[in-house]
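Asker: Those protein sequences? They're chains A and B, same order as listed.
Start counting the first sequence at 8; every next residue gets the next number (the working numbering).
Start counting the second sequence at 1349; every next residue gets the next number (the working numbering).
Backbone N, C-alpha and C fix where the C-beta goes; we use that ideal spot for every residue, glycine too.
Predicted, not measured: the structure shown is a model, and the values here were computed from it.
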Amino acid sequence: MAVKLLLENDHIEGIRYYDTYRKHGGYRAAEKAFKMATADIVEEVKKSGLRGRGGAGFPTGMKWSFLAKPEGVPRHLVCNADESEPGTFKDRYLMEFHPHLFVEGLLISSFALGSNHTYIYIRGEYAWIVDILEQAIAEAKNNGWLGKNILGSGFDCEIYVHRGAGAYICGEETALIESLEGKRGNPRMKPPFPAIQGVWMRPTVVNNVETIASVVPIINMGGEEYAKIGVGKSTGTKLLSACGNINKPGVYEIDMTISVEEFIYSDEYCGGIPKGKRLKACIPGGSSVPIIPANLLLKTAKGQTRYMNYESLADGGFVYGSMMGSGGFIVLDEDQCVVRHTMSLARFYNHESCGQCSPCREGTGWMYKILKNLEYGKGKISDIDLLWDIQRKIEGNTICPLGDAAAWPVAAAIRHFRDEFEWHVLNPDESQKRNYGLAHYADPIHVPASA
Amino acid sequence: MSEQPKFKVTVDNISIEVPAGTTILNAARMIGGDVTPPAMCYYSKLKDSGGKCRTCLVEVSKGSDKDPRPMPKLVASCRTTVMDGMEVKNITSEKVVDARKGIVEFLLINHPLDCPVCDQAGECDLQNLSYEHGSEGTRYEFKRRTFEKEDIGPYISLHMNRCIMCFRCVFTADQLTDKREHGILERGDHAQISTMLNKALDHDFIGNVIDVCPVGALTDKTFRFKNRVWFTKPLDAHRDCSNPKCGGKVRLWMRGEEVFRVTARKDQWGEVEEFICNECRFHKKETRDWVIEGPSVIARSSVISQGHYVGTKKSQVLIDKVIGKQPKYLLDIHDISDVNRPEIDLSKIEGPAHSSDFKR
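(1) Output yes or no for whether 8 Å exceeds the beta carbon distance between A/Gln363 and A/Asn193.
(2) How long is the line joining the alpha carbons of A/Arg441 and A/Pro201, rounded to whole angstroms?
(3) With 16 as the cutoff for other CB atoms within 10 Å, does B/Arg1545 come out buried or exposed?
(4) Using DSSP with H/G/I as helix, E/B as strand and the rest coil, what is A/Cys289?
(5) Leaving out the 5 sequence neighbours to the left and right, which residues in its chain are closer than 6 Å to A/Tyr314 when beta-carbon positions are compared?
(6) Jot down the residue ranges of each uninterrupted alpha helix (DSSP H) in the segment 312 to 369 of chain A, minimum 4 residues, whole runs only, in chain order.
(7) Which residues does DSSP list as the beta-bridge partners of B/Val1406?
(8) Measure the CB-CB distance between A/Leu84 and A/Thr125 and report whether it falls below 8 Å.
(9) Quick check: what's the CA-CA separation for A/Val454 versus A/Thr307?
(10) Would you please verify whether the beta carbon of A/Trp373 is less than 8 Å from any beta carbon of chain B?
(11) Drop a sphere of 10 angstroms on the beta-carbon of B/Arg1689, count the other beta-carbons inside from all chains shown, and report buried for 16 or more, exposed for fewer.
(12) Figure out for me which residue from B/Cys1466, B/Ser1397, B/Ser1483 and B/Ser1649 has the closest Cα to the Cα of B/Leu1506.
(13) Per the DSSP calculation, B/Cys1514 is bridged to which residue(s)?
(14) Is B/Met1349 buried or exposed, if buried means 16 or more other CB atoms sit within 10 Å of its CB?
(15) Short of 8 Å Cβ to Cβ, which residues in the segment 1461 to 1492 of chain B face chain D?
(16) Excluding the 5 residues preceding and the 5 following B/Asp1312 in the sequence, name in chain order all residues of the same chain whose CB lies nearer than 8 Å to its CB.
(17) B/Cys1561 and B/Val1598 - do their beta-carbons sit closer together than 8 Å?
(18) From the beta carbon of B/Cys1589, is the nearest beta carbon of chain A less than 8 Å away?
(19) Kindly list the residues whose CB is nearer than 7 Å to the CB of A/Asp26, restricted to its own chain and excluding five residues on each side of it in sequence; keep chain order.
(20) Could you check where the alpha helix (DSSP H) with A/Lys190 kicks off and where it finishes?
(21) Does chain B have any CB closer than 8 Å to the CB of A/Ala9?
(22) Under 9 Å Cβ-Cβ, which residues of chain B neighbour A/Cys289?
(23) For the segment 350 to 366 of chain A, list every residue whose C-beta sits within 8 Å of some C-beta in chain B, in sequence order.
(24) Could you confirm whether any beta carbon from chain B is found closer than 8 Å to the beta carbon of A/Met208?
(25) Quick check: A/Leu120 and A/Arg82, are their CB atoms within less than 8 Å of each other?
(26) Taking only three categories from DSSP, how would you classify B/Met1349?
(27) Should B/Trp1601 go down as buried or exposed, given a rule of 16 or more other Cβ atoms within 10 Å for buried?
(28) According to DSSP, which residues form a beta bridge with A/Ala88?
(29) Please report the distance separating the alpha-carbon of A/Arg23 from that of A/Ile136.
(30) Using a beta-carbon distance below 8 Å, is A/Leu393 in contact with chain B?
(31) Could you work out which residue in A/Gly243, A/Arg347 and A/Tyr28 is closest to A/Val110 when comparing CA atoms only?
(32) Please state whether the Cβ-Cβ distance between B/Lys1410 and B/Pro1420 is less than 8 Å.
(33) Between which residues of its own chain and A/Tyr356 is the CB-CB distance below 6 Å, once the five residues before and five after are set aside?
(34) In terms of DSSP beta bridges, what is B/Phe1355 paired with?
(35) Within a Cβ cutoff of 7 Å, which residues of the same chain sit near A/Met196, ignoring the five residues on either side of it in sequence?
(36) Using the DSSP secondary-structure output, state which residues sit across from A/Ala249 in a beta bridge.
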C-alpha cells in the first residue's frame, strides 16, 4: 500500500467540516508551526524538497526564500486555484473534499511568509467550491485559526477567496496577479518577478493548491522525513487526476515510486483500459505537456522502465520523454485519433490565448486552422511541415508559457505520430470513416547497445 | 549625488558604455544602424510599453561578466536591462533572424494587404519591418480576420483590421488623458481596440494615438484619402498654443501652399518628440497659423524623402534654348480635364476627392 499524506483521511465521512477534521488530527501542524520560527518553517519546506505542484516543478522552499522582505511593505501569499488545464482536476478534489487541509496549509504558509492578507484565486467555473472554501474559512475563523492574534502569536491573517472569470491564462502567475488586482488578465513581463513585485507591487508568492496543502504533512512529519518518500528529487506524494480511456478515472495519490505501467493497469489505480483495448498514447501531465506513444511511455528510450516521477517522465527530454506537469494523466486507447486530439488542444489554446504578444495570438489560430484541415481530410503534406515550423516559431518567443504550452503538444504529436498525420492527408476519404488505429505505436523500440 | 555606474555592453561585436538600467534596445539605439532591433510596440515616451510584439527579440550570448551564462531563450530587448559585460547578438545570430522572420509572418497573416488604399502607407512601421525582416509571399491560406467597423469620433478613424495590438494607443490614453475611453476587448486573436459602447474619443490630447500607432489602424480623419505622405512636404513649424501642456511644436505636411496634415515631430526612431494637442492637430490647417522653421529632416531611407532630398539641384529645362523659342504645347490638360483644376484646394474638400468636386 502506497503512502498517502494528502488523502490519508479521504475515507472519513464529514472530513470537509471543521469538527471532524480537528478530531482526526487537523490543525495539529498549525499548532506546531506557530511555535516555530518562520525561518525554520521555510527551512523545513526546503529540506522536504517539495516541488511546485502546479506544473513547472520549481522547488517551493527556494521560491519562498526568494521572497523580498523590505521593511514596512506588506507581503502576500496568493494561492493559484485557477486549475484550468484540460485533464487536470486534482485541486478541485482537494478543495472540495479537504478544504480544511487546504486552509491549514494556507495558514502555515502565510505565517512562514508573513502574509497577513492571503488570497485564493479560484477558477470561475468552480462556483460551488467558493462556498465550500468560504464556509471552511469561516469555521476556522470561529475557532480562532484566522483573524487577529492567532494562538496568541501576535500574527494576524485573513484569507480571501477571489473568483476568476473563466480564463485559462489567469493560471499564469503574473496574469493571475493582474486579474486579482482587477485588471485585464494579461501576463506581466518578467523581471520583476512576483517575489519582488507582485500583487499591488508588493512581494508575493504564488503557489498551487496542492503545494500549499503539502505543507501540512511536511510540518507534521518534518522536512527530512517527507523527503524520504519518493525517489531522488521527486519527494513526497503527488496527486494525479487520471482520465481518458481507463476503467477508473479519478484522483489518485502516489508516492512517485510506481511505474507508469503499474499506474495504468493496476486495480489500485486506473484499473486498465476498458474493453481490453490496447494503449496507444498518453499525456502524462496535463494538456500542455508532450504526448508520447505507448512504447515510449512504458519504457524510456534507453529501455528502462518509466516511473511516475518528475525525472523519469522527463527522461529523454522532449524527443523521447514528456513531463510530470500538473498531473493530468490522459490515456488514449487504440481507437483514438491523435490528429483530432491535437486539433482539439490547438482549439483550446487558440481560444485561451490572451492576445498580448504576436506569436501566440496569431500562431495558435493558424495552427488550429491547419489542424482542422488535416483532420477533415483537406490537408496537404506540406501542412505538416508548416505546422512544425509554426510551433517552432511560437515556442520560447512568447511572454508567458502559454505559447510553449500551445506549441509542445503539436510538436510532440508530429514528432511521434507523423505517419498518422500523413495517413490523414493521403487517405482523405478513409480518414473520415475510421481511425488510424494503433499501428506500430506500442511496438517495442530498438535500444542500441551501449557500453 | 554619486555618478551612475556605467555598464559595458556589446551588441553584434560593437561595444558601448551605457548607464546602468538601460535596456538592450536603448543601448543598441545608442550605437545605431543595423544593430538596432526593430520595435513595433515599445515606445520610449510611454511608460510600461513594449514586450508585446516580440520583433525586438535578441540573443544574449553572455549574461554578464559575473555570470557569463547565456540566457536560455531569446529575450525582448526593449524590456531587458543590460548587465556589465553583457554580450548581445542581434543580426549576427541566426536564431534571432529566423525568429524575427517568424514574428513578421505572424503579424502579417491577419493584416490586410490594403496598403494601396491605406493612409499609413509610406510611413508604416509594419511596411518597413516586413520589407527588412520578412519573407516574400505568405504561407497563410485562410480567410483573414475581420472586425466590425466602429466609429470613434469625428477626428480619429479606427480601422481595427489593420491593428497589430501594440497597446501603444492604450498607454497613450492612460498617460496623457485623465480618463481612458478605449481599451482592449476580447482576447486571443479576437482581441480588439474598442470603446465598447461606440463612444467618441474626446480629450484634447487623444489625437496623439494617431501618431503612436505603428500601422494604419488609427488615422487622421481630417487627412484621410487626401494625399499620399510622400507627395507632401514636411516642414517643422510652431505656434503659441493656448493649451499649457502643448508646446505647439509640430510638423506640417504641405503640398504647395496648402497644409494637408499636422502631426507631432518624430525622431529618428519614429517616436514623437513632444505630444501635441487636438487644437494644433485638427484645427490649425492654414499656413498663417504657423511660424515655419524650415524643412524637416527625414531619413533618406524613408519613402517620404523621395523627391525632396536636401541640396539636390533640379536639372535645367533646356528645350526653349534648343529650339530658340518657348515650345507651343498642343494641349493644356487643364483646358479639357474637369478633374485637374489647380485652383481647387484638395485639403479643403471633406473626405476624399471625387470627380463631382471638380464639376464647374
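Answerer: This is what the structure gives:
(1) Counted from its first residue, the first sequence places residue 363 of chain A at position 356. Counted from its first residue, the first sequence places residue 193 of chain A at position 186. In contact: A/Gln363 and A/Asn193 (Cβ atoms closer than 8 Å).
(2) In the first sequence, residue 441 of chain A corresponds to position 434, counting from 1. In the first sequence, residue 201 of chain A corresponds to position 194, counting from 1. Taking the straight line from one Cα to the other gives about 49 Å.
(3) Numbered from 1 along the second sequence, position 197 holds the residue referred to as residue 1545 of chain B. The sequence given here has Leu at residue 1545 of chain B, not Arg. Answer is exposed; the Cβ neighbour count stays below 16.
(4) Taking the first residue of the first sequence as 1, we reach residue 289 of chain A at position 282. Reduced to three states, the DSSP call for A/Cys289 is strand.
(5) By 1-based counting over the first sequence, the position of residue 314 of chain A is 307. Once the five neighbours on either side are set aside, the close Cβ partners of A/Tyr314 are Ser266.
(6) DSSP runs (the alpha helix (DSSP H)) wholly in the segment 312 to 369 of chain A: 317 to 320, 324 to 327 and 345 to 359.
(7) Locating residue 1406 of chain B in the second sequence gives position 58, where the first residue counts as 1. B/Val1406 pairs with B/Val1423.
(8) Residue 84 of chain A sits at position 77 when you count from the first residue of the first sequence. Residue 125 of chain A sits at position 118 when you count from the first residue of the first sequence. Yes, the Cβ-Cβ distance between A/Leu84 and A/Thr125 is below 8 Å.
(9) Within the first sequence, numbered from 1, the residue matching residue 454 of chain A stands at position 447. Within the first sequence, numbered from 1, the residue matching residue 307 of chain A stands at position 300. When the Cα atoms are used, A/Val454 and A/Thr307 turn out to be separated by approximately 9 Å.
(10) If you number the first sequence from 1, residue 373 of chain A lands on position 366. Chain B, which has a Cβ nearer than 8 Å to the Cβ of A/Trp373, makes this yes.
(11) Indexing the second sequence from 1 puts residue 1689 of chain B at position 341. Result: exposed.
(12) In the second sequence, counting from the first residue as 1, residue 1506 of chain B sits at position 158. Selected option, being the one with the closest Cα: B/Cys1466.
(13) By 1-based counting over the second sequence, the position of residue 1514 of chain B is 166. Paired residues: none, contrary to the question.
(14) Taking the second sequence and counting its residues from 1, the one referred to as residue 1349 of chain B is at position 1. Note that B/Met1349 scores 45 on pLDDT, short of 50, meaning its location in the model is unreliable; the coordinates nonetheless yield the value given after this. So B/Met1349 ends up on the exposed side.
(15) The structure shown contains no chain D; its protein chains are A and B.
(16) For chain B, the structure presents residues 1349 to 1708; residue 1312 of chain B sits outside this window and is missing.
(17) Numbered from its first residue, the second sequence carries residue 1598 of chain B at position 250. Numbered from its first residue, the second sequence carries residue 1561 of chain B at position 213. Against a cut-off of 8 Å, the Cβ pair of B/Cys1561 and B/Val1598 comes out as no contact.
(18) Against the second sequence, residue 1589 of chain B aligns to sequence position 241. It does not; no Cβ of chain A falls within 8 Å.
(19) For the purposes of this step, residue 26 of chain A is taken as the residue at position 19 of the first sequence. Counting only Cβ-Cβ distances below 7 Å, and skipping sequence neighbours, we find nothing.
(20) Position 183 of the first sequence holds residue 190 of chain A. Unbroken run through A/Lys190: none, as it is neither H nor E.
(21) As a working note, residue 9 of chain A is residue 2 in the first sequence. By this cut-off, A/Ala9 is not an interface position.
(22) The residue labelled residue 289 of chain A in the question sits at position 282 within the first sequence. Among the residues of chain B, none has a CB under 9 Å from the CB of A/Cys289; the nearest is roughly 28 Å distant.
(23) Only Asn357, His358, Glu359, Ser360, Cys361, Gly362, Gln363, Cys364, Ser365 and Pro366 from the segment 350 to 366 of chain A bring a Cβ to less than 8 Å from some Cβ of chain B.
(24) Within the first sequence, the letter at position 201 stands for residue 208 of chain A. False, the Cβ-Cβ gap to chain B never drops below 8 Å.
(25) For the purposes of this step, residue 120 of chain A is taken as the residue at position 113 of the first sequence. For the purposes of this step, residue 82 of chain A is taken as the residue at position 75 of the first sequence. In contact: A/Leu120 and A/Arg82 (Cβ atoms closer than 8 Å).
(26) Position 1 of the second sequence holds residue 1349 of chain B. Because the pLDDT of B/Met1349 is 45, which lies under 50, any placement of that residue in the model is unreliable, and the number read from its coordinates should be weighed accordingly. Note: B/Met1349 maps to coil in three-state DSSP.
(27) The residue you call residue 1601 of chain B lines up with position 253 of the second sequence. Per the 10 Å Cβ criterion, buried.
(28) Reading the first sequence from its first residue, position 81 is the one you call residue 88 of chain A. According to DSSP, which records beta bridges pairwise, A/Ala88 is partnered with A/Ile129.
(29) The residue labelled residue 23 of chain A in the question sits at position 16 within the first sequence. The residue labelled residue 136 of chain A in the question sits at position 129 within the first sequence. One C-alpha to the other measures close to 12 Å.
(30) Along the first sequence, read from residue 1 onward, the residue named residue 393 of chain A stands at position 386. So, interface residue.
(31) For this step, residue 110 of chain A is matched to residue 103 along the first sequence. Ranking the options by Cα distance to A/Val110, first place goes to A/Tyr28.
(32) For the purposes of this step, residue 1410 of chain B is taken as residue 62 along the second sequence, with counting starting at 1. For the purposes of this step, residue 1420 of chain B is taken as residue 72 along the second sequence, with counting starting at 1. The answer is no: Cβ separation not under 8 Å.
(33) Locating residue 356 of chain A in the first sequence gives position 349, counting from the first residue. Thr371 and Ala413.
(34) Taking the second sequence and counting its residues from 1, one reaches residue 1355 of chain B at position 7. B/Val1366.
(35) Numbered from 1 along the first sequence, position 189 holds the residue referred to as residue 196 of chain A. So the qualifying residues of the chain are Ile406.
(36) As a working mapping, residue 249 of chain A is identified with position 242 in the first sequence. According to DSSP, A/Ala249 bridges with A/Gly257 and A/Phe336.
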